[in-house]
Amino acid sequence: MSRSGAPPLSAVGAILAAQVSIHVGAALAKDLIGDLGAETLAAMRTLLAAVILLLLVRPRLSRLSGRLPVWIMLYGLALGGMNLLIYEAFARLPLGVAVGVEICGPLAIALGGARGVKELAWPGLAVLGLLALVPWPGRAHALDPVGLLAALGAATCWALYILLGRRAAQAGSGTAVSLGMVAACLVTFPAALASGSGALPALPVWGLALVVALLSSALPYALEMHAMAALPARIVGLVASTTPAMAALSGYLLLGEPLTAWQMLAIALLIAAAAGCTLTARSPVAKVTDDPLT
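Taking UniProt numbering, the leading residue of the sequence shown gets 1, the next gets one more, and so forth.
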């Protein structure tokens, strides 16, 4: 914090830049999914992100004592599932809708400790938002149910990522994330092989996948570490709660994805639920808003 009590502008700029980077990367990823398939792109993304993070972090294997390797492995499997499932959702849903459903994962973790009636109002908003997205029979512009299930699966993996990450972080955040990304490949690579895509992508495609990995993983990770060191947890959480809106804007500007009035209402309700939870939480929310680098 600055002497005036206001958050430093560089830290605010960093957290906003991290969000922009993530969603530009997501838009580019969705464009590639049409050519490669969600499974293949998820495998390429986790592999490249793992290499980048290993080179940047140089994890300390000496810290891996006791049950830490098990926690890091489980954490990485959750990370891999989250990457794979959100790409499956991107293939079937608008970006804003997919991310809006996915944010229910950390929201559920945050609301797990809710005690007062006011705090319990936020799950109600989230439920209303999800109900507005459900492809009810006969409804115009119904969303793909498989895409919605994939987004809910990604939300579940995000919640597990947070819970398991608290254990894995005992080895150091950098070590946990870099080794966890290696473990994530144990989920994405079998999925890519099972999808029947046996041929290796061309070199230019690997270049685009590297850009996705940088925009979605390495760059926002570095920016968020800077921001979290200088900003109160509630500000970080409040900015993160706007994620669905930023995703929707990226989808509209970069991919030409329009949203119906119901979908915009649903996203607004999910954002309000996440922001309300952030502002009323009794304990720090920084861990709840740990970005999964998706």
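C-beta: ideal position from N, C-alpha, C; glycine also.
Values in this document were obtained by computation on a predicted structure and should not be read as measured data.
Asked: Separation of LEU255 from LYS287, as counted between CA atoms; Found: Bear in mind that the predicted position of LYS287 carries a pLDDT of just 42, short of 50, making it unreliable; the figure below should be weighed with that in mind. About 31 Å.
Asked: Rounded distance between the beta-carbons of PRO244 and ILE86, thought under 8 Å; Found: Going by Cβ atoms, the distance from ILE86 to PRO244 rounds to 13 Å, so no, they are not a contact pair.
Asked: Anticipated Cβ contact below 8 Å, LEU125 with ALA273, distance rounded; Found: 4 Å
Asked: Contact set for ILE267: own chain, Cβ-Cβ below 8 Å, skip 5 residues either direction; Found: GLY96, VAL97, GLY100, GLY129, PRO244, ALA245, ALA248 and LEU259
Asked: Endpoints, the alpha helix (DSSP H) within which GLY196 is located; Found: No alpha helix (DSSP H) contains GLY196, which DSSP labels as neither H nor E.
Asked: Beta-carbon proximity check, ARG45 vs ALA213, cutoff 9 Å; Found: yes
Asked: Proximity below 9 Å, CB of ALA183 to CB of LEU79; Found: yes
Asked: Limits of the alpha helix (DSSP H) - the one that SER166 falls within; Found: The residue asked about is misnamed: residue 166 is Arg in this sequence, not Ser. Start and end: 145 to 168.
Asked: Contact belief for SER195 with GLY37 at Cβ below 8 Å, rounded distance in angstroms; Found: 6 Å
Asked: Counted within 10 angstroms of its Cβ, other Cβ atoms place ALA6 as buried (16 or more) or exposed; Found: With a pLDDT of only 49 at ALA6, under 50, the local geometry of the prediction cannot be trusted, and the value read off the model is given with reservation. By the 10 Å Cβ count, ALA6 comes out exposed.
Asked: Proximity below 9 Å, CB of ARG92 to CB of LEU143; Found: yes
Asked: Simplified DSSP state of THR242, which is helix, strand or coil; Found: coil
Asked: Contact test: LEU279 Cβ vs the ligand HEM heavy atom, cutoff 8 Å; Found: In the structure on display, the ligand HEM does not appear, and there are no ligands present to speak of.
Asked: Coil, strand or helix - ILE103 by DSSP; Found: coil
Asked: CA nearest to the CA of CYS157, picked from SER173, ALA171, ALA191 and ILE109; Found: ILE109
Asked: Of the residues LEU215, GLY276, ALA261 and ALA159, the one placed nearest ILE22, counting alpha carbons only; Found: LEU215
Asked: Among LEU179, LEU133, MET73 and ALA27, the one whose alpha carbon lies nearest that of residue 297; Found: This structure does not reach residue 297, given that the chain is present from 1 up to 294, and the question cannot be answered.
Asked: Separation of VAL24 from ALA14, as counted between CA atoms; Found: 15 Å
Asked: Cα-Cα separation, LEU164 to GLN263; Found: 32 Å
Asked: Sequence-distant residues of the same chain with beta carbon closer than 7 Å to PRO292, five excluded per side; Found: In this prediction, PRO292 scores a pLDDT of 49, lower than 50, which makes its location untrustworthy; the coordinate-derived value is nonetheless stated afterwards. These residues qualify, in order along the chain: LEU79, MET82, TRP158 and TYR161.
Asked: Exposure label - ALA261; buried when at least 16 CB within 10 Å; Found: exposed
Asked: Rounded C-alpha distance that separates LEU152 from LEU193; Found: 23 Å
Asked: Selection from GLY76, LEU48, LEU28 and PRO106 that minimises the alpha carbon distance to LEU238; Found: PRO106
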